[in-house]
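If you want this note's numbering, it's the position in the sequence shown, counting the first as 1, plus 22. Here a beta-carbon is modelled for each residue, glycine too, at the ideal position from N, C-alpha and C. Small disclaimer: the values here were computed from a predicted structure and weren't measured. A short write-up of the structure that comes next.
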Amino acid sequence: MADKLEIMFTERKIANKIKKLGAQISEEYQGNEITMVCILKGACFFACELAKRITVPVQMEFMRCSSYGDETISSGVVKIIQDLDKPIRDKHIIVVEDIIDTGRTMHYLLEILRQREPASLKLCSLLDKPDRRVAEVNLDYVGFTVPDKFIVGYGLDYAQKYRNLPYIAEVTPDEGKGE
Ligand code: IMP
Ligand code: MG
């Protein structure tokens, strides 16, 4: 019994992309300090690697939201399970996410953060899956754009599995009952 995994982006390709994103962010935030808001759990692998590639000072903060089933999500409500422990007023915030799919989570979350009056608020996502977008989200930094497939690895999970894969893969779940 095994799910089928097909590699989409190798470890090396991801590392190169993160290096480029880090260089771009470092350039754009010259003379400023960044507060990175990492969305748990999926984005933590990406956020740590990205932070290491940024040359201006970076503070790491963490937040966790619920991912509801489709019915609840369609009401537009996303629950914050773990909030930031400091105010973000007048800070330069980069929200770091693993993947933007329908966009509902980020649409809602960015609105909440905007109300806290940061100096600036940008969004960086490792992956963008635009085919299923229903809520508008402005993505400032993107690693890779992906088709409407179920993706795992580098922080992304399938039923809490595969987050620790060093690469990004498409998963086809095993439907069989045997072994
Ligand atoms: P949305 O943009 O509000 O639909 O939700 C995005 C969240 O759904 C992400 O933070 C992921 O946790 C999860 N998600 C969406 N697509 C995938 C995928 O292909 N693999 C793993 N998680 C996904
Ligand atoms: Mg997530």
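- If you draw a straight line from the Cα of Ser88 to the Cα of Ser48, it comes to about 31 angstroms.
- Residue pairing from DSSP leaves Val99 without any beta-bridge partner.
- Contact annotation: the stretch 179-186 does not touch the stretch 74-81, with fewer than three C-beta pairs closer than 8 angstroms.
- Judged by beta-carbon spacing, Leu62 lies within the 8 angstroms limit of Met85, meaning their Cβ atoms are closer than that value.
- Between the ligand IMP and the CB of Thr127, the shortest heavy atom gap is smaller than 7 angstroms.
- Relative to the non-hydrogen atoms of the ligand IMP, the Cβ of Gly44 never comes closer than 7 angstroms to any of them.
- Residue environment: Ser147 is assigned as buried (16 or more neighbouring CB atoms within 10 Å of its CB, all protein chains considered).
- Taking a C-beta distance under 8 angstroms as the contact criterion, Asp153 and Asp170 qualify as a contact pair.
- Taking the CA atoms as reference points, Ile115 sits about 6 angstroms from Ser142.
- Shown here, Leu161 sits in coil according to DSSP, grouped into three states, outside any helix or strand.
- Closer than 7 angstroms to some heavy atom of the ligand IMP: that describes the Cβ of Leu178.
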